[in-house]
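Shown next, in structure tokens, is the structure this report addresses.
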Amino acid sequence: MTRRFEERDTPIAPSTDDGVVVTVSSLTKRFGEIVAVDDLTFSLRRGTVTGFLGPNGAGKTTTLRLLLGLAEPTTGEALVFGRRYRDLDQPAHRVGAVLESTDFHPGRSGRDHLRALALAAMIPPARVEEVLELVELATAAERRVKTYSLGMRQRLGLATALLGDPELLILDEPANGLDPAGVHWLRRFLRRFAEQGRTVLVSSHMLAEAAQTVDDVVIIDRGRLMTTGQLDELTKDGRTLEDVFLALTGAAT
Amino acid sequence: MALLRSELLKQRSTRTLLGLFAAMLGLVLSAVLLHSLLPAEQLSDRHTQLMVLGRGEFLGALFAALLGAMSITAEIRHGTIRPTFLFSPRRDRVVAAKVSVSVVIGAGFGLVAGAAAVAGGTAALRARGIELQLDGRDYVLLVTGSAAAAALWAAIGVGVGALVRHQVPTLVGICAWLLFVEGLLAGDLVGLGGVGRFLPGSAAAAISGQDPGTLLAPAAGLALLAAYAAVAALAGALATSRRDVA
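Taken in order, these protein sequences are the chains called U and E.
The first sequence stops at residue 253 when you use our numbering, and every number in between is there.
The second sequence stops at residue 499 when you use our numbering, and every number in between is there.
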């Protein structure tokens with residue numbers, strides 16, 4: 001199944017020259033008294049897989065929502081390809097994202113879910129069939145999503161993100177509900193995606209899995225940046241990603 | 254155009270629409286048939302006949318409002334609003350597409366409801382040997398007025414759904430308004446009296462030519478309901494553009 005993708009897709013040419021895919025600068029989001037994201041600054045390098053790590057409630061999902069234009073920052077900015085998400089010409093063709101693995105109407109088939117979104121972004125119907133093949137859901141495409149397992153929903157979410165053949169993939173906890181073979185498949189997929197010169201931002205709780213997949217990490221806690229950099233640099237003194245994470249997020253007691 | 258096709262597919266690809274349609278048709282026929290059991294002397298009155306045959310307009314508008322509201326509240330409830338806005342970040346255009354598609358489908362609902370009420374009602378009255386006091390203009394108004402009222406109430410439904418966002422309060426609110434609240438406000442209890450005919454449910458009834466003594470003329474009802482629909486749709490689009498998406 002993956003071979004088809006490898007044959008079809010050629011490495012993409014960088015569409016902006018500075019290599020900056022995502023720029024988050026002094027990003028802050030308040031909900032009343034609560035500061036969900038606090039003066040957060042980081043950027044993503046093209047052609048890398050970046051792990052976006054933090055404890056529950058650290059502000060990861062809020063940051064991703066701000067980056068994708070679903071919420072407005074209180075102050076600061078979050079840019080993709082140098083622009084706000086909603087100012088991109090054809091955002092689905094530049095950025096693919098999955099925020100929740102449950103974002104489907106249970107009574108709609110997987111294929112119709114993808115077709116409705118493809119119509120909105122003027123993506124040809126053939127691409128719907130391609131992504132269904134790619135995530136190995138072609139035989140289940142006519143079934144209503146309520147009959148899908150969690151792993152199948154995760155794959156349908158990934159198919160949704162890939163519809164527009166994007167340069168940047170943003171995934172929130174994509175490995176939840178995947179079996180070991182699914183996790184392995186996802187890891188290979190994300191690595192290959194980055195090797196084509198594309199970029200991945202993936203939030204995760206699963207540090208051991210993240211350590212095998214990512215090039216760079218952004219670690220946040222209580223809305224604040226704890227550290228960001230290349231995984232090799234952070235762990236060169238022999239510590240594991242888990243050691244680094246627990247030391248930074250104050251969870252090691 | 255792309256967004257219209259997308260919204261149309263969303264409406265067609267679940268069983269919600271068919272379920273609403275079947276429930277509406279069943280209720281229209283039951284309401285008309287139950288009303289046709291009224292005493293014969295009461296049913297001989299033109300005013301009562303318009304009221305009975307006008308059940309199509311009422312239920313058509315109600316179900317059109319529900320389908321319009323669900324076009325957005327179901328997306329919020331199931332989270333599909335997130336991919337929808339990721340694929341189309343201009344949220345006002347998404348709401349506009351939902352309004353357009355819901356207005357067209359709502360008109361269809363109203364047309365069927367109006368025609369079913371007229372057909373079922375006349376058949377039931379004739380079967381009882383009651384002479385119909387209605388002319389061709391009345392029948393045309395009952396059916397086309399029902400279509401127009403439902404189309405505009407579908408737009409109101411989208412607007413209310415976009416403002417309220419939660420599905421259950423939205424649907425309960427729409428039902429409560431049309432079934433009870435407006436009647437109470439317009440009735441003797443609250444005593445809005447003459448102002449009651451300017452409420453949106455009464456405006457919808459006016460379009461199909463019901464209760465000409467109390468309600469507005471059909472054209473005035475149409476204009477007033479169109480204004481309500483425009484305000485609701487604009488408010489919904491504006492709120493959706495400005496507020497964060499959960």
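We treat Cβ as the ideally placed atom computed from N, Cα and C, and that holds for glycine.
Quiz item: So what's M226/U in DSSP terms, helix, strand or just coil?
Solution: strand
Quiz item: In chain order, which alpha helix (DSSP H) runs of at least 4 residues are fully inside the stretch 17-72 of chain U?
Solution: 60-67
Practice problem: May I ask you to verify whether the stretch 62-80 of chain U touches the stretch 23-37 of chain U, counting CB pairs closer than 8 Å and requiring at least 3? | Solution: yes
Quiz item: Thinking C-beta only, is G177/U closer than 8 Å to S101/U?
Solution: yes
Practice problem: Run down chain E in chain order and give the residues with a C-beta less than 9 Å from the C-beta of P180/U. | Solution: In chain order: nothing, as chain E lies at least about 27 Å away.
Quiz item: Nearest to G69/U by alpha carbon, out of P91/U, D39/U, G250/U and A194/U?
Solution: P91/U
Exercise. Please compile the residues from chain U whose C-beta is within a distance smaller than 7 Å of the C-beta of G332/E.
Key: E100, T102 and D103
Quiz item: Is R83/U close to chain E, meaning its C-beta is less than 8 Å from at least one C-beta of that chain?
Solution: no
Quiz item: Using a beta-carbon distance cut-off of less than 9 Å, what residues from the stretch 263-277 of chain E approach chain U?
Solution: K263, R265, S266, T267, R268 and T269
Quiz item: On the three-state DSSP scale, how would you describe R418/E?
Solution: coil
Quiz prompt | Residues of the stretch 333-363 of chain E with Cβ closer than 9 Å to any Cβ of chain U, in chain order | solution = T333, I334, R335, P336, T337, F338, L339, F340, S341, P342, R343, R344, V347 and A350
Quiz item: Buried or exposed: H419/E, going by 16 or more other Cβ atoms within 10 Å of its Cβ?
Solution: exposed
Self-check item: Cβ of T147/U within 8 Å of any chain E Cβ
Solution: no
Self-check item: CA-to-CA distance, A376/E to G474/E, given in whole angstroms
Solution: 28 Å
Quiz item: If the cut is a Cβ gap below 7 Å, which residues of chain E does G69/U touch?
Solution: P342
Quiz item: Would DSSP call V214/U helix, strand or coil?
Solution: coil
Quiz item: Starting from D172/U and walking both ways along the alpha helix (DSSP H), at which residues does that stretch end?
Solution: From DSSP, D172/U is part of no alpha helix (DSSP H) but of the beta strand (DSSP E) over L168 to D172.
Exercise. Answer yes or no: does any C-beta atom of chain U fall closer than 8 Å to that of A255/E?
Key: yes
Quiz item: Excluding five sequence neighbours on each side, which residues of the same chain lie with their C-beta closer than 6 Å to the C-beta of L262/U?
Solution: Lying outside 1 to 253, the shown extent of chain U, residue 262/U is not represented and no answer is given.
Quiz item: Of all the residues that make up the stretch 114-126 of chain U, which are near chain E by a beta-carbon distance shorter than 9 Å?
Solution: R115, A116, L117, A118, L119, A120, A121, M122 and I123
Quiz item: Can you list the beta strand (DSSP E) stretches of 3 or more residues lying completely in the stretch 116-165 of chain U, in chain order?
Solution: none
Quiz prompt | Within 8 Å, strictly: CB atoms of A360/E and A408/E | solution = no
Self-check item: Beta carbon proximity, R153/U to chain E, threshold 8 Å
Solution: no
Practice problem: Taking A327/E as the query, report the chain U residues whose CB atoms sit under 8 Å from its CB, ordered along the chain. | Solution: H105
Quiz item: If you scan the stretch 89-117 of chain U from start to end, which runs of the beta strand (DSSP E) of 3 or more residues do you find wholly inside it?
Solution: 95-98
Quiz item: By how many angstroms is the C-alpha of T423/E removed from the C-alpha of S324/E?
Solution: 12 Å
Exercise. Mind checking which residues open and close the beta strand (DSSP E) that includes S203/U?
Key: T199 to S204
Quiz item: D497/E: buried (16+ other C-beta within 10 angstroms of its C-beta) or exposed?
Solution: exposed
Exercise. Return the bridge partner residues of E77/U from the DSSP annotation.
Key: S25/U
Quiz item: So what's I219/U in DSSP terms, helix, strand or just coil?
Solution: strand
Quiz item: Taking the alpha-carbon positions, what's the A402/E to L312/E distance?
Solution: 10 Å
Quiz prompt | Inter-residue Cα distance where the pair is Y85/U and F338/E | solution = 11 Å
Practice problem: Please confirm whether L67/U and V37/U have their CB atoms less than 8 Å apart. | Solution: no
Quiz item: What is the rounded straight-line gap between the Cα of S204/U and the Cα of G250/U?
Solution: 18 Å
Quiz item: First and last residue of the alpha helix (DSSP H) that includes E328/E?
Solution: R308 to H331
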